[in-house]
Amino acid sequence: RHSAQARQLLRDVDNYVAGINAYNGSVGIRGDRWGRVDVIAVGALMGANLGLGGGDETRRSLFLDALERQLGAERARQVWRDLRSKQDPETPLSIGRRFAYGGGTALEAGSVVLDDGSFTATGAVGPQSARSAWPAQASNALLVSRGRSTNGHPVLVAGPQVGHAYPQLLMELDLHGGGVNARGASFPGLSFYVLVGRGSDYAWSATSANSDVVDHFVEELCGDDTHYRFRGTCREMGTVDAGTLQQGPGQPDRRLTFRTTVHGPVLGYATVDGRRVAISSRRSTRGRELLSALMFQDLNTGAVRNATTFLRAAAKLEFTFNVLYADDRDIAMYSTGRLPLRASGADGSLPTIGNGTHEWRGFLPAPEHPQIVNPPSGAILQWNNKPGADFAASDDNWSFGSVHRVELLRAGIAARKKHSPATVVGVMNRAATQDLRVLHVWPVIAEVLRGSQGPSARAQAMVDALTAWQRAGGSRIDRDLDGRIDHSGAVIMDAAWRGLADAVMAPVLGPLTARLGALQAWSDNPSGDGSTFGFGWYGWIDKDLRRLLGRPVKGPYTTRFCGAGVLAACRASLWAALEAAGNELAATQGPNVESWRADATRERINYSPLPRTMRFANRPTFQQVMSFNRHRPRR
213 RHSAQARQLL RDVDNYVAGI NAYNGSVGIR GDRWGRVDVI AVGALMGANL
263 GLGGGDETRR SLFLDALERQ LGAERARQVW RDLRSKQDPE TPLSIGRRFA
313 YGGGTALEAG SVVLDDGSFT ATGAVGPQSA RSAWPAQASN ALLVSRGRST
363 NGHPVLVAGP QVGHAYPQLL MELDLHGGGV NARGASFPGL SFYVLVGRGS
413 DYAWSATSAN SDVVDHFVEE LCGDDTHYRF RGTCREMGTV DAGTLQQGPG
463 QPDRRLTFRT TVHGPVLGYA TVDGRRVAIS SRRSTRGREL LSALMFQDLN
513 TGAVRNATTF LRAAAKLEFT FNVLYADDRD IAMYSTGRLP LRASGADGSL
563 PTIGNGTHEW RGFLPAPEHP QIVNPPSGAI LQWNNKPGAD FAASDDNWSF
613 GSVHRVELLR AGIAARKKHS PATVVGVMNR AATQDLRVLH VWPVIAEVLR
663 GSQGPSARAQ AMVDALTAWQ RAGGSRIDRD LDGRIDHSGA VIMDAAWRGL
713 ADAVMAPVLG PLTARLGALQ AWSDNPSGDG STFGFGWYGW IDKDLRRLLG
763 RPVKGPYTTR FCGAGVLAAC RASLWAALEA AGNELAATQG PNVESWRADA
813 TRERINYSPL PRTMRFANRP TFQQVMSFNR HRPRR
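Note that our numbering has the sequence shown beginning at 213, numbered continuously upward.
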């Protein structure tokens with residue numbers, strides 16, 4: 213019913229399903245026949261994980277209530293806004309233009325603060341609201357315009373990060389026939405189109421945008437836990453029985469059932485000023501997952517003929533991604549998503565009143581999404597950072613601050629006026645081994661410490677080692693493959709980082725410092741999944757310490773964190789953190805700071821269940837290097 217193009221999509225799905233079943237029958241594979249529902253289920257799984265943003269309002273609200281109990285309402289709300297970093301004017305952008313979306317203070321009449329400790333998850337979907345870690349994200353894109361290319365044509369180096377395993381989540385495809393003409397990668401179960409790849413004379417890729425497409429609503433209960441009030445009427449909750457989950461040997465099967473309201477699945481129950489309420493989750497793309505394939509249909513069938521038609525195609529993707537494009541003349545980016553327009557007084561940073569007074573007011577029109585063709589800078593850089601100015605960070609993303617890993621790419625691209633495909637790959641490869649903390653946060657920590665006396669010669673030697681590592685480029689590589697990262701700075705940073713971060717934030721947060729770490733990890737450190745430095749406390753530390761030093765800060769925090777604004781107290785706490793890390797390292801590696809090393813084998817990328825590993829690299833799973841020198845006639 214959506215469109216003629218959507219009806220073609222359904223025919224493509226049916227032909228794909230028929231092909232799977234015909235193949236299975238031809239080779240004697242028995243079991244349930246594949247169907248439309250299976251295709252939609254795979255699309256829902258991928259979109260609701262990689263193309264999702266928001267949906268953590270409950271945990272953030274509980275944290276705000278804890279802050280209010282500790283600091284008092286007014287100061288707590290100032291601290292909460294600072295940490296929220298919803299519209300930090302210093303955060304690195306992919307597009308410099310202004311795209312106003314997601315305004316409001318998050319503490320208005322339509323927002324609800326839940327009583328800390330009151331939330332209890334229920335049903336099959338409850339744990340969504342109590343997640344404790346970010347999904348792995350390392351998708352990146354480096355696009356250089358023809359004016360900055362040595363060959364006179366754009367260069368694209370880009371790809372998605374979907375983790376490492378065997379078999380790999382992505383499968384490589386080369387599809388030609390039935391109107392489809394594309395090569396690249398897709399997910400099994402959705403492989404009737406290439407999802408990331410190239411046509412005959414253009415290429416595209418995507419990164420997770422994490423824009424806010426999920427909101428929690430607070431439902432007023434009517435007498436019991438299965439009835440709620442909406443627009444003045446008591447309604448009975450629905451029930452979804454999703455079947456039985458087989459949990460493996462030695463574990464009992466689990467029946468997946470949950471309640472629903474007009475907003476979506478009920479995640480659990482909590483209290484507001486002691487009054488019991490239900491919490492439900494509304495996702496803008498729920499039930500519409502397959503419609504996002506319309507963009508891929510355009511890209512696979514040649515309906516995209518230039519950057520302008522690419523933008524029109526990208527606007528059809530309802531999951532939240534930054535989609536990148538290059539042909540022989542142009543580079544472009546469009547930030548996708550079915551982005552809700554929220555009622556006045558409810559901006560989605562906290563749970564929204566669910567009685568019908570603060571419902572969504574439609575969705576952001578396509579022209580108002582962040583988008584660009586051939587930016588004046590001659591480059592588009594994306595590494596899951598903020599897409600455009602004034603485009604609000606989602607409620608579950610407090611990392612769009614003054615420091616973001618995309619700066620590692622920006623420095624490399626800025627180093628040359630013109631780039632070849634090889635030099636763009638070189639920028640990506642260099643950034644894939646660098647430690648963001650030592651390059652973009654350590655310099656301001658070192659400046660705070662400069663001119664003060666450390667507690668020991670060893671602590672001063674640690675400072676010197678970190679500064680030397682920073683000046684050498686901050687690489688975490690193990691060049692000689694002896695199982696140890698080459699520079700002592702890596703193990704010092706690993707051992708000291710949490711203590712340094714706590715030293716900055718704890719003077720204000722006190723016992724809630726660790727609670728903040730559960731909402732947003734101190735650092736997204738190198739690990740076997742090949743994704744790191746996407747989310748952490750980097751911006752909070754940088755911005756607070758620069759203000760403490762009297763350096764220029766755009767959008768300074770209301771709160772002074774480190775030393776409660778006293779330089780001497782801040783220095784003392786930072787020195788104490790370094791000394792504690794030094795005690796720990798000396799106990800295991802001896803007194804000589806220069807001989808300390810981090811274990812490189814612990815961050816090697818694993819291909820479970822294979823015993824094979826590879827050296828750590830913070831870059832995509834499937835990555836293209838593309839430059840086109842010919843094109844079809846454009847309409």
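All C-beta atoms in this analysis are idealised placements derived from N, C-alpha and C, irrespective of residue type, glycine included.
Verify whether the separation of the beta carbon atoms of residue i and residue j is less than 8 Å.
i	j	result
S351	P563	no
F429	G566	yes
L523	H214	no
A788	A708	no
P372	V356	no
Q594	A353	yes
L542	A525	Leu is not the amino acid found at residue 542; the sequence shown has Asp there. Their beta carbons are not under 8 Å apart, which means D542 does not touch A525 by this criterion.
S687	T635	no
Y313	L576	yes
H376	T833	yes
G777	L760	yes
G265	D427	no
L479	S496	no
E815	S700	no
Assign residue i to one of three DSSP states: helix, strand, or coil.
i	result
H652	helix
D504	Looking at the sequence provided, one finds Ser at residue 504 rather than Asp. In the structure shown, S504 sits in a helix (DSSP, three-state: H, G or I).
R159	For the chain, the structure presents residues 213 to 847; residue 159 sits outside this window and is missing.
N534	strand
R223	helix
M674	helix
Q282	helix
D437	coil
V430	strand
T451	strand
E384	strand
Q509	helix
N191	Limits of the chain in this structure are 213 at one end and 847 at the other, which puts residue 191 out of reach.
R245	coil
V872	Since the displayed the chain opens at 213 and closes at 847, residue 872 lies outside it and no answer follows.
A494	Looking at the sequence provided, one finds Arg at residue 494 rather than Ala. In the structure shown, R494 sits in a strand (DSSP, three-state: E or B).
A230	helix
S785	helix
S412	coil
A394	strand
S361	strand
Is it right to say residue i is buried, meaning 16 or more other beta carbons lie within 10 angstroms of its own, or is it exposed?
i	result
E571	buried
L457	exposed
S547	buried
M826	exposed
Q732	buried
T332	exposed
Q665	exposed
E269	buried
C446	exposed
L283	buried
D706	buried
Y537	buried
Q836	buried
D453	exposed
S807	exposed
D199	For the chain, the structure presents residues 213 to 847; residue 199 sits outside this window and is missing.
T469	exposed
S743	buried
R573	exposed
For the putative contact between residue i and residue j, defined by C-beta atoms under 8 Å, what is the C-beta separation to the nearest angstrom?
i	j	result
P587	I307	7 Å
D608	G267	6 Å
G716	D690	The residue asked about is misnamed: residue 716 is Val in this sequence, not Gly. Not really, about 30 Å apart at Cβ, beyond 8 Å.
N795	D540	Going by Cβ atoms, the distance from N795 to D540 rounds to 59 Å, so no, they are not a contact pair.
P301	K629	In fact, because the Cβ distance is near 28 Å, the residues do not count as touching under 8 Å.
S297	F612	6 Å
T362	S632	5 Å
Contact the region 665-682 vs the region 743-761: 3+ CB pairs below 8 Å: no
Touching by the beta-carbon criterion (3+ pairs, under 8 Å), the region 373-389 and the region 639-659: no
Cβ contact (3+ pairs, closer than 8 Å) linking the region 487-501 and the region 523-533: yes
Segment contact flag, the region 775-788 with the region 659-667, C-beta cutoff 8 Å, min 3 pairs: yes
Cβ contact check for the region 398-406 and the region 223-237: 3 or more pairs under 8 Å: yes
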